[in-house]
Structure formats: structure tokens, C-alpha cells
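Novice:
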Amino acid sequence: MSIYRIAHLSDPHLPPPRGAFGWKDIFTKRLLSRIAWRKKREVHRPEVLAALVADLKAAAPDHVVISGDLTNFASRTEIAAARAWLETLGAPADFTVSPGNHDALAGRGGAERFATWTPWLGDAGEVSFPQVRVRGPAAIFNLCSAVRTAPHLATGRLGDDQLQRLDALLADPVHADRFRIVVLHHPPQKGAVTKRKALEDQEALRAILARRGADLVLHGHAHESLVGSVPGPNGSAIPVLGVSSASAKPSGHSPARWHTIEIERRSAGGYRAKVVARGIEPGRDSLSELGRYSLADVS
């Protein structure tokens, strides 16, 4: 049977373009992020991201998921520059972007801030969450956990409205025979990040997943490649995968990495899913295969 391949990368932290920080920003949270960027720019390297993107393009996956933090200060200039970068990757319909906390760092609230990225958010042609993209055997449920927060916090929140709509979408029988992937920036499991970086309504999300089920959750934010799980229906476990920053050089941080999730329908029903990890190994500059493993069979 044919294999459908979905690539996952996260947290590229694109270099801020000229004009990304203005004098008015000294009165906002962007000032703290600007100060922090002086160190982070030595970690998040454009040449590393370029090498990862080239490696991904060579692999030619069927669809690509990017789980947030394309920007650093969430300025209009950065949001526009991020769109220009997305346009270099390929057709928007082949990419799904879930915004991250840095993409909502300051400025106006609400999902409207991401209007520039509309073609990459889903197929609805509007800025709304969640959206469902059906691609091959997969149904990709794209969430947005990106909200403005107080200084020194990087928490996320989905909100009651988004959670209620997710509950209804996961319950919809039209998606019952698909490999259901839930995407968001913040990890949904306990202990993946510190409290000041956590998803505030993660318990509510886990309750929905335990009731409605899903086959896989993808996230970023932790800047580490994490393998975990959350409870699913009837005592099952839903795999949760995080990936390190797509632009991180190997210098005391988890180096750049991306994953391919290979989805194959079983003849007896349900799916098999295998993960192939590619990235930079310590002491090397080029990307190579780091390993591959199978997720538990899902049905």
C-alpha cells in the first residue's frame, strides 16, 4: 500500500528584517525579546535553517507542518517577512502553519494578526482555528495556542471556543476513517516545559483527546525533540511528538532537526505510522538520518 509522508519542523525563528523593531516597541514586550535576541541570534542561524529546508525539499514529502515561532517580535514587518519565506518553500496548500507564542508576542490580539498567513493556516480562506485539512489519508486539525502574555511568560492558551470546536470536529464521523493529527505550538502533556511556558488549558485539551481520540499530536516550543503521550479513549495512548528548532546550531542546544511521519493504511484497517528523524549530529555540519522508529499501531 502507498505511504503518505508528512514532514514536521518547528521554531525556525527567522532573522528579524530591517525595521522589525521600532522606537515605539521599547514600551512593549518586544524590548525584552530584542535584548534576548542578542544571544539567541548566535543559536538560531539562517544557514542552518537553509540547510534543513534544502534537506527537506530533497526528501519531497507530501505535506509539511510547521508548528510555530516563525518570528521573534511579532512585528508586522516580521510577519510579512515570514510570509515571503513561506512562499519560497512551495505551494501554500502543501504547508500547514500553527502560530507560536513569539508570533503573538505583542501588538493586536486575536487570530486576525495572522491574516497574512491565511493560505497556510487551512483551506477555509479565513483566519480561524481550528481548521481541518484533509491530505491523503490524514486529517490535520490545526490549532492556535499563540496568545499575548505578560513579560517573562511564554504560556499558551486555546480558549473555550476553540476547544469546543475541536471537540465537535474530532467527533465528526466524516473524519473517523482518517489518520487524525492535532497540531499546536505548545506541548499538551505535563512536564514537557516549565510552568511559565506551558499551555494553560492543557487539561481541557487532554480531556477532549481522551474522549474523542486522535492518532498523533505534533508540537514545537520546547526546542527539543520529545516523545510522549496523552490518554486516549478506553485506556489507549495518543503519541505526542515535539521537534527541536529548525534553525538551532549544535552549541549546547538541541540542534536543528525535522521529522517525517510515514502513514500507511493496514489491510486489516487502521494505520501504521513510522517516524524518520533527520538533523545535525554533534560535531557535524550537514544533516543526516538520526534514526527511525514506529509508533504504536493505531485503529
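By this note's numbering, the letter at position 206 of the sequence shown is numbered 241, and the numbering carries on one by one without gaps.
We put the CB at the ideal spot given by N, CA and C, even for glycine.
Every value quoted in this text rests on a predicted model; they were computed, and no experiment measured them.
(1) Could you give the distance in angstroms between the alpha-carbon of Leu87 and the alpha-carbon of Val217?
(2) Would you call Ser302 buried or exposed, if buried means 16 or more other Cβ atoms sit within 10 Å of its Cβ?
(3) In whole angstroms, what separates the C-alpha of Val162 from that of Leu325?
(4) Would you list the one or two residues that DSSP bridges to Gln166?
(5) Can you give the beta carbon distance from Val169 to Arg213, rounded, assuming they're within the 8 Å contact cut?
(6) Thinking C-beta only, is Gly135 closer than 9 Å to Ser15?
(7) In three-state terms, what does DSSP make of His346?
(8) Please give me, in chain order, every unbroken run of the alpha helix (DSSP H) with length at least 4 that falls completely inside the segment 212 to 286.
(9) Hey, how far is the Cα of Asp60 from the Cα of Ser264?
(10) Return helix, strand or coil for Leu325, following the three-state DSSP convention.
(11) Looking at the secondary structure, which residues open and close the beta strand (DSSP E) in which Arg200 lies?
(12) Would you call Ala291 buried or exposed, if buried means 16 or more other Cβ atoms sit within 10 Å of its Cβ?
(13) Any idea if Ala89 is buried or exposed, counting beta-carbon neighbours within 10 angstroms, 16 or more meaning buried?
(14) State yes or no: is the C-beta of Gly103 within less than 9 Å of the C-beta of Asp138?
(15) Residue range of the beta strand (DSSP E) that Leu44 falls in?
(16) Can you tell which of Arg319, Asp320, Lys309, Ser323 has the C-alpha that lies nearest to the C-alpha of Ala331?
(17) Using the C-alpha atoms, what's the distance from Ala181 back to Leu234?
(18) Could you check how far apart the C-beta atoms of Thr78 and Ala283 are, in whole angstroms? I think they sit under 8 Å.
(19) Since I believe Phe130 is in contact with Ala146 (beta carbons under 8 Å), could you give me their beta-carbon distance rounded to a whole number of angstroms?
(20) The alpha helix (DSSP H) that contains Thr131, what's its start and end?
(21) By DSSP, does Val182 sit in helix, in strand, or in coil?
Specialist: Here's the rundown:
(1) 23 Å
(2) exposed
(3) 36 Å
(4) Asn177
(5) Right, the Cβ-Cβ distance comes to about 7 Å (below 8 Å), so this counts as a contact.
(6) Given that the chain is displayed from residue 36 to residue 334, the structure contains no residue 15 and the question cannot be resolved.
(7) The chain is shown only over 36 to 334; residue 346 falls outside these bounds and no answer can be derived.
(8) Counting only runs of 4 or more residues that sit fully inside the segment 212 to 286, the alpha helix (DSSP H) segments are 237 to 247, in chain order.
(9) Below a pLDDT of 50, predicted positions are generally treated as unreliable, and Asp60, at 48, falls in that range; the measurement from the model is reported next regardless. If I take the Cα positions, the gap works out to 39 Å.
(10) In the structure shown, Leu325 sits in a strand (DSSP, three-state: E or B).
(11) Run containing Arg200: none in the beta strand (DSSP E); it sits in the alpha helix (DSSP H), 195 to 206.
(12) buried
(13) exposed
(14) Going by C-beta atoms, Gly103 is nearer than 9 Å to Asp138.
(15) 38 to 44
(16) Lys309
(17) 10 Å
(18) The sequence shown places Val at residue 78, not Thr. Going by Cβ atoms, the distance from Val78 to Ala283 rounds to 6 Å, so yes, they are a contact pair.
(19) About 18 Å separates the CB atoms of Ala146 and Phe130; that is not less than 8 Å, and the two are not in contact.
(20) Thr131 -> not in any alpha helix (DSSP H); beta strand (DSSP E) instead, spanning 130 to 132.
(21) coil
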